[in-house]
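Residue numbers (our numbering): 36 to 568.
Here the structure comes first, spelled out in structure tokens, and everything after it is commentary.
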């Protein structure tokens, strides 16, 4: 195939994704406003009394810091929204390039298969604002691509480069670091257990010794990080049986759920695409497979088992399943691309990947425009909120038909943070970062996720189903009043989440009625702002 045409297509698909990112401002993601609020509080901690009262400032050198290091110089020059767009653009450009780099040692047709990366650039974690996760993808691909180039014999300078990549991954996202461990570990296990069948002798072989020294610094740092991190996450439970969960996980796995985050049509495309890749890999594996493809197949089977046996809601790490599925998607595609194809087959991949990238970019564009309307409606309350105050956002979005889908509701979660960095307010709905997890974190005595309810199981539902809160309980425990409360949508009769019934909606209205006065309703009528009397 014409190399110039491949290059032009690759650049054009990246540009198309950039157009989606820059089509709206601010770009509607769930955690995006929270990141901007965090960097704002981090930079202005000493000058704003309210920030020092509610938060502790954490060390600059730690895990989950990479995007804040990128944002810090950007917000010195640009507005917060523009800085966010530049940050997102760096990922949108860097992710496909890193994917191409990882594909080069896998297939001689890397340019054709690199068109896959613009397809999944605007994936679920990125679209909801998990920017550290997104940037970790870049360094996982770079690290794995570099490992494939040097794994047969690691020289000193190469080991130092790989160590630097793992340290950057530690600063980006711990999950990404462990993914790189897993990918490299699978290649080692395959060589040891399948090819040579003498694992203990391989472990002692001289050429493998540098591997352990390369990863030792990041392992020590990540171990220290987890040892000192307070644990907030827990496993949600629901009424589904294990078999039902397993069936849903299987469907999600081969539907490439990481692509299908908006509509039934998009989900259908992802199902078709996933099973097409599955059919291709099965057909090719029936032929004489290469060593590399066998390694990928071995690793992919392990990956599938891990994903299928992971509880639907994740274990330990929030959104573990979504992150894991994204890495499985990448690994599965590496498996497919490692086979040999004729020109007709490559042309089919070229056309299909290009069309998929265009379709998904179009759907993301439509998605962002829809979310932006609801975001603008919510943010109309900003002019009625006084600076240097406290605000609690309570979401009750469940009857908003236009925002019912998961991807359309989640981006509304942390909109209060946009008011936060504009007016120096404390957003009591911001997620509860563990100690050292993010640049700033609530002081224990003022943490609303501890004291908004006397039921800790429900405390983490403030973001998604916040009628299960007790405003008076927080004020009593924290000895601090909440200045403003916003509510959005309404809750259907008999609502429950995972078997835990939230407070009756009238109970919340009663709480507000006792101490708060409604002062503003958004133009669409979905958001109300209450001020304490």
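Idealized CB from N, CA, C, for every residue including glycine.
Exercise. Residue 122 lies in the alpha helix (DSSP H); which residues open and close that run?
Worked result: Residue 122 sits at position 87 when you count from the first residue of the chain shown. Counting along the chain, the alpha helix (DSSP H) containing residue 122 begins and ends at 115–138.
For this session: Kindly list the residues whose CB is nearer than 6 Å to the CB of residue 384, restricted to its own chain and excluding five residues on each side of it in sequence; keep chain order.
Result: Against the chain shown, residue 384 aligns to sequence position 349. Result list for residue 384: 147, in chain order.
Problem set entry | Any 3 or more C-beta pairs closer than 8 Å across the region 170–177 and the region 123–131 | As far as the Cβ criterion goes, the region 170–177 touches the region 123–131, which means the pair count is three or higher.
Problem set entry | Burial state of residue 182, where buried means 16 or more other Cβ atoms lie within 10 Å | Taking the chain shown and counting its residues from 1, one reaches residue 182 at position 147. Residue 182 should be labelled buried.
For this session: Kindly indicate the opening and closing residues of the beta strand (DSSP E) around residue 554.
Result: The residue you call residue 554 lines up with position 519 of the chain shown. Segment 551–556, the beta strand (DSSP E) holding residue 554.
For this session: Closer than 7 Å by C-beta to residue 167: which residues in its own chain qualify, once you throw out the five before and the five after it? Chain order, please.
Result: Translated into the one-based positions of the chain shown, residue 167 becomes position 132. Listed in chain order, the non-local C-beta contacts of residue 167 below 7 Å within the same chain comprise 99, 101, 102, 207 and 208, local neighbours out to five positions each way being set aside.
For this session: Could you check which residue in 94, 162 and 107 has the C-alpha nearest to that of residue 400?
Result: Taking the chain shown and counting its residues from 1, the one referred to as residue 400 is at position 365. Ranking the options by Cα distance to residue 400, first place goes to 162.
Problem set entry | Alpha-carbon spacing of residue 505 relative to residue 450, whole angstroms | The residue given as residue 505 occupies position 470 in the chain shown. The residue given as residue 450 occupies position 415 in the chain shown. Whole-angstrom Cα-Cα distance: 21 Å.
Problem set entry | CB-CB length for residue 403 against residue 62, believed under 8 Å | As a working note, residue 403 is residue 368 in the chain shown. As a working note, residue 62 is residue 27 in the chain shown. Yes, they are in contact, since the Cβ atoms of residue 403 and residue 62 sit about 7 Å apart, within 8 Å.
Exercise. Mapping DSSP to helix, strand and coil, what is residue 455?
Worked result: The residue labelled residue 455 in the question sits at position 420 within the chain shown. Here residue 455 carries a helix assignment [DSSP, helix/strand/coil].
Problem set entry | Beta-carbon proximity check, residue 76 vs residue 86, cutoff 7 Å | The sequence position of residue 76 within the chain shown is 41, counting from 1. The sequence position of residue 86 within the chain shown is 51, counting from 1. Yes, Cβ-Cβ distance for residue 76 and residue 86 is below 7 Å.
Problem set entry | Where residue 427 sits in the DSSP three-state scheme | Position 392 of the chain shown, counted from the first residue, corresponds to residue 427. Strand, per DSSP.
For this session: Leaving aside the five residues before and after residue 44 along the sequence, list all residues of the same chain whose C-beta is less than 8 Å from its C-beta, in chain order.
Result: As a first step, residue 44 is located in the chain shown; it is residue number 9 there, counting from the start. Excluding the 5 residues flanking it on each side, residue 44 has same chain C-beta neighbours closer than 8 Å at 150, 385 and 389, in chain order.
Exercise. Which value, in whole angstroms, describes the spacing of the CA atoms of residue 112 and residue 119?
Worked result: Within the chain shown, residue 112 is the residue found at index 77, counting from 1. Within the chain shown, residue 119 is the residue found at index 84, counting from 1. If I take the Cα positions, the gap works out to 12 Å.
For this session: Pull up the distance between the alpha-carbon of residue 475 and that of residue 452, whole angstroms please.
Result: Taking the first residue of the chain shown as 1, we reach residue 475 at position 440. Taking the first residue of the chain shown as 1, we reach residue 452 at position 417. Going by the C-alpha atoms only, they are around 14 Å apart.
Exercise. Using DSSP with H/G/I as helix, E/B as strand and the rest coil, what is residue 411?
Worked result: The residue labelled residue 411 in the question sits at position 376 within the chain shown. DSSP places residue 411 in helix when its eight states are reduced to three.
Problem set entry | Distance, residue 392 Cα to residue 54 Cα | Translated into the one-based positions of the chain shown, residue 54 becomes position 19. Translated into the one-based positions of the chain shown, residue 392 becomes position 357. Each residue's Cα considered, the two are about 13 Å apart.
Exercise. For residue 359, which three-state DSSP category applies?
Worked result: On the chain shown, residue 359 is found 324 positions in, with the first residue counted as 1. Residue 359 sits in a helix when the DSSP states are folded into three classes.
For this session: State the Cα-Cα distance for the pair residue 310 and residue 125, rounded to the nearest angstrom.
Result: Along the chain shown, read from residue 1 onward, the residue named residue 310 stands at position 275. Along the chain shown, read from residue 1 onward, the residue named residue 125 stands at position 90. Their Cα atoms are separated by approximately 31 Å.
Exercise. Using the C-alpha atoms, what's the distance from residue 314 back to residue 197?
Worked result: For the purposes of this step, residue 197 is taken as residue 162 along the chain shown, with counting starting at 1. For the purposes of this step, residue 314 is taken as residue 279 along the chain shown, with counting starting at 1. Near 35 Å, if we compare the C-alpha coordinates of residue 314 and residue 197.
Problem set entry | Pair within 7 Å by beta-carbon distance, residue 517 and residue 447 | Within the chain shown, numbered from 1, the residue matching residue 517 stands at position 482. Within the chain shown, numbered from 1, the residue matching residue 447 stands at position 412. Their beta carbons are not under 7 Å apart, which means residue 517 does not touch residue 447 by this criterion.
For this session: Indicate the three-state DSSP secondary structure (helix, strand or coil) for residue 91 in the structure shown.
Result: One-based indexing of the chain shown puts residue 91 at position 56. Three-state result, residue 91: strand.
Exercise. Near residue 596, which residues of its chain fall below 8 Å by C-beta distance, leaving aside the five closest residues on each side in sequence?
Worked result: The requested residue 596 does not occur in the structure, where the chain is confined to residues 36 to 568.
For this session: Have a look at 466, 459 and 519 and flag the residue whose alpha-carbon is nearest the alpha-carbon of residue 81.
Result: Position 46 of the chain shown holds residue 81. Nearest C-alpha to residue 81 among 466, 459 and 519: 459.
Problem set entry | Nearest-angstrom Cβ-Cβ length linking residue 564 and residue 555, presumed shorter than 8 Å | Position 529 of the chain shown, counted from the first residue, corresponds to residue 564. Position 520 of the chain shown, counted from the first residue, corresponds to residue 555. The C-beta separation of residue 564 from residue 555 comes to about 4 Å, placing the pair in contact by the 8 Å criterion.
Exercise. Is it true that the region 354–364 meets the region 331–342, where meeting means three or more beta-carbon pairs spaced less than 8 Å apart?
Worked result: Look at the beta carbons and you see the region 354–364 touching the region 331–342: at least three pairs across the two are nearer than 8 Å.
Problem set entry | Outcome for residue 110 when other beta-carbon atoms lying within 10 angstroms are tallied against a minimum of 16 | One-based indexing of the chain shown puts residue 110 at position 75. Burial call: buried.
Problem set entry | Close-in-space but distant-in-sequence residues of the same chain around residue 454 (CB under 8 Å, 5 per side omitted) | Against the chain shown, residue 454 aligns to sequence position 419. Excluding its 5 nearest sequence neighbours in each direction, residue 454 has C-beta neighbours in its own chain below 8 Å: 414, 416, 417, 420, 426, 460 and 462, listed in chain order.
Problem set entry | Spatial distance of residue 559 from residue 509 (CA atoms) | Counting from one through the chain shown, the residue named residue 559 turns up at place 524. Counting from one through the chain shown, the residue named residue 509 turns up at place 474. C-alpha separation (whole angstroms): 30 Å.
Exercise. How is the alpha helix (DSSP H) around residue 80 delimited, first residue to last?
Worked result: Taking the chain shown and counting its residues from 1, the one referred to as residue 80 is at position 45. It is not in any alpha helix (DSSP H) - residue 80 carries neither H nor E in the DSSP assignment.
Exercise. Between the C-alpha atoms of residue 549 and residue 520, what's the straight-line distance to the nearest angstrom?
Worked result: By one-based count along the chain shown, residue 549 stands at place 514. By one-based count along the chain shown, residue 520 stands at place 485. Residue 549 and residue 520: Cα-Cα distance of roughly 13 Å.
Exercise. Where does residue 399 fall in DSSP's three states?
Worked result: Taking the chain shown and counting its residues from 1, the one referred to as residue 399 is at position 364. Residue 399: helix per DSSP, three-state reduction.
For this session: Could you check if residue 287 is buried or exposed, using at least 16 other CB atoms within 10 Å of its CB as the buried criterion?
Result: Here residue 287 refers to the residue found at position 252 of the chain shown. It is buried - the Cβ of residue 287 has at least 16 other Cβ atoms within 10 Å.
Exercise. How would you write the range of the alpha helix (DSSP H) that residue 198 sits in, first residue to last?
Worked result: For the purposes of this step, residue 198 is identified with residue 163 of the chain shown, where counting begins at 1. Taken as a continuous stretch (DSSP letters only), the alpha helix (DSSP H) holding residue 198 covers 191–207.
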